[in-house]
Structure formats: C-alpha cells, structure tokens
Amino acid sequence: MGDDEVKKEALQIITQHNQNLPSLVVFDLDYTLWPSYCEFEEDDMPYLYSEALPILQALKEKGISMAVASRSRTPDVAKSFLQTLGISSLFVTQEIFKSRTRKSRPHKTEHFQRIHATTGVPFTSMLFFDDVDRNIHAVSKMGVTSILVGNGVNRGALRQGLSEFSRK
Numbered sequence: 062m063g064d065d066e067v068k069k070e071a072l073q074i075i076t077q078h079n080q081n082l083p084s085l086v087v088f089d090l091d092y093t094l095w096p097s098y099c100e101f102e103e104d105d106m107p108y109l110y111s112e113a114l115p116i117l118q119a120l121k122e123k124g125i126s127m128a129v130a131s132r133s134r135t136p137d138v139a140k141s142f143l144q145t146l147g148i149s150s151l152f153v154t155q156e157i158f159k160s161r162t163r164k165s166r167p168h169k170t171e172h173f174q175r176i177h178a179t180t181g182v183p184f185t186s187m188l189f190f191d192d193v194d195r196n197i198h199a200v201s202k203m204g205v206t207s208i209l210v211g212n213g214v215n216r217g218a219l220r221q222g223l224s225e226f227s228r229k
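Count the sequence shown with this note's numbering and you get residues 62 to 229, in order.
1) Under the assumption that serine 84 contacts serine 141 (Cβ atoms under 8 Å), give the Cβ distance between them as a whole number of angstroms.
2) If I measure Cβ to Cβ from threonine 185 and keep anything under 6 Å in the same chain, skipping five residues before and after, which residues do I get?
3) Starting from the C-beta of proline 96, find all residues in its chain whose C-beta is less than 7 Å away, skip the five residues before and the five after it, and write them out in chain order.
4) Beta-carbon within less than 8 Å of glutamine 221's beta-carbon, same chain only, minus the 5 sequence neighbours each way: which residues are those?
5) Check the DSSP bridge columns for glutamine 155 and list the partner residues they point to.
6) Please return the same chain residues whose Cβ sits closer than 8 Å to the Cβ of lysine 121, not counting the five positions on each side in sequence.
7) Can you tell me where the beta strand (DSSP E) holding phenylalanine 142 begins and where it ends?
8) Roughly how many angstroms lie between the CA atoms of glutamine 155 and histidine 78, to the nearest whole one?
9) Should asparagine 81 go down as buried or exposed, given a rule of 16 or more other Cβ atoms within 10 Å for buried?
10) By alpha-carbon positions, which one of Phe190, Lys69, Arg195 and Gln73 ends up nearest to glutamate 225?
11) With distances taken Cα to Cα, identify the nearest neighbour of glutamine 118 among Asp194, Thr179, Leu146 and His198.
12) Measure the CB-CB distance between arginine 216 and glutamate 66 and report whether it falls below 7 Å.
13) Are the beta-carbon atoms belonging to serine 6 and leucine 90 less than 7 Å from one another?
14) How big is the Cα-Cα spacing for valine 129 and phenylalanine 88?
15) So the alpha helix (DSSP H) isoleucine 75 belongs to, where does it begin and stop?
16) Roughly how many angstroms separate the alpha carbons of serine 133 and tyrosine 92, rounded to a whole number?
17) Near isoleucine 197, which residues of its chain fall below 8 Å by C-beta distance, leaving aside the five closest residues on each side in sequence?
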C-alpha cells in the first residue's frame, strides 16, 4: 500500500474518532518511528517505518499536535535523523535525553513532565506510542493513553490508540 493510501486510511481512522481526539500525540523514536537505535554516524541515512510518515502527515492535516519523547545514547544523531527525514518541524517539542546504556534508561515520566510544562497539554489529553512496555506502564499511570507498538507505528496502532483514547 502506498503512502497516499495509508494517509487516506489514517485520515479516515482519525475522522471516526472526531468527537474525542487527543490534543497531543507523542512518539518515541527508536523502534517506534524508525526500525533501529540511532547509534550511527550523523551522515548515515535513516528511514522511517513504512506507515509512519503518512500517519504523521494525517495527524498534522487534522490539526493534532505532535511531540517526541525519546532517550538515546546519541541524542544529536536522533535530532539529525529528524532533520534529514524532513519531519523535525512536525513536532511542537522534542524531549530527547541522553542515556548511557539501553538498560539504564529510566521511564519516560520526566519526558512527559517537560512536555506538559512546554505545551500546557494535560496528561489526560495525550496519546503516546512506544515500543518499551515499562515506558507504557509508567506513562499510563500519569493519565496518558499509551500504546505499545510491535513493529513501529502503523494504522493498527493508530486505530487502537484513538479507540482507547476515545473511551476515556
């Protein structure tokens, strides 16, 4: 399925939940928007999961703000990837923290405290996608609707996220 078809379906999914949409959708980066850890050199060519860009475009078209909450051993590379992919400007804020090792990564609650402070959006008005179960559990306790993704953000994850959000 091409990008235009994915975007069209994503727009339909969003429209189905028009009565109760999140004010802010927050994405992790590694294994959520792109299929790797960004531990490469800044001149490496990153790429997104196949459905990520059309979903981001659909959210933007519908006027839904987006943000990034990510921890990386190479935050400068992550920011460079966002620029190279041409999606950096889609996000109202980017909370990308440095971590020493993957195992030492704490929960994403600090990211969300900063996102809330920057945007003023209540936690209960946010939807979050991440590939790490412990982050999903920790952020959910803050009142954020949180969705675990297996192979990156896709239409199924978007549908699940908006369905769970609308049941609040």
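Every residue gets a Cβ at the ideal spot worked out from N, C-alpha and C, and that includes glycine.
Concretely, from the data shown:
1) Numbered from its first residue, the sequence shown carries residue 84 at position 23. Numbered from its first residue, the sequence shown carries residue 141 at position 80. 28 Å between Cβ atoms; not a contact.
2) Start at 1 with the first residue of the sequence shown, and residue 185 comes out as number 124. Answer for threonine 185: Gly204, listed in chain order.
3) One-based indexing of the sequence shown puts residue 96 at position 35. Tyr110 and Gly213.
4) If you number the sequence shown from 1, residue 221 lands on position 160. Here the set comprises Ile208.
5) The count along the sequence shown starts at 1 and reaches residue 155 at position 94. Bridge partners of glutamine 155 according to DSSP: Val129.
6) Indexing the sequence shown from 1 puts residue 121 at position 60. Closer than 8 Å at Cβ, skipping near neighbours: Met127 and Leu151.
7) Here residue 142 corresponds to residue number 81 of the sequence shown, with the count starting at 1. Per DSSP, phenylalanine 142 belongs to no beta strand (DSSP E); it is in the alpha helix (DSSP H), 136-145.
8) Within the sequence shown, numbered from 1, the residue matching residue 155 stands at position 94. Within the sequence shown, numbered from 1, the residue matching residue 78 stands at position 17. If you take the alpha carbons of glutamine 155 and histidine 78, they lie about 26 Å apart.
9) Locating residue 81 in the sequence shown gives position 20, counting from the first residue. When all chains shown are included, asparagine 81 counts as exposed.
10) On the sequence shown, position 164 is the one that residue 225 refers to. Nearest C-alpha to glutamate 225: Phe190.
11) To locate residue 118, count along the sequence shown from 1; it is residue 57. Checking every option, the nearest Cα to that of glutamine 118 belongs to Leu146.
12) As a working mapping, residue 216 is identified with position 155 in the sequence shown. As a working mapping, residue 66 is identified with position 5 in the sequence shown. No; because the gap between Cβ atoms is not below 7 Å, this pair is not in contact.
13) Any property of residue 6 remains undetermined from this structure, which presents the chain solely from 62 to 229.
14) For this step, residue 129 is matched to residue 68 along the sequence shown. For this step, residue 88 is matched to residue 27 along the sequence shown. Looking at the backbone, the Cα of valine 129 and that of phenylalanine 88 are separated by about 5 Å.
15) Taking the first residue of the sequence shown as 1, we reach residue 75 at position 14. Residues 64-77.
16) Numbered from 1 along the sequence shown, position 72 holds the residue referred to as residue 133. Numbered from 1 along the sequence shown, position 31 holds the residue referred to as residue 92. Spanning the two alpha carbons is a distance of roughly 12 Å.
17) Translated into positions along the sequence shown, residue 197 becomes position 136. Here the set comprises Phe189, Asp191, Ser207, Ile208 and Leu209.
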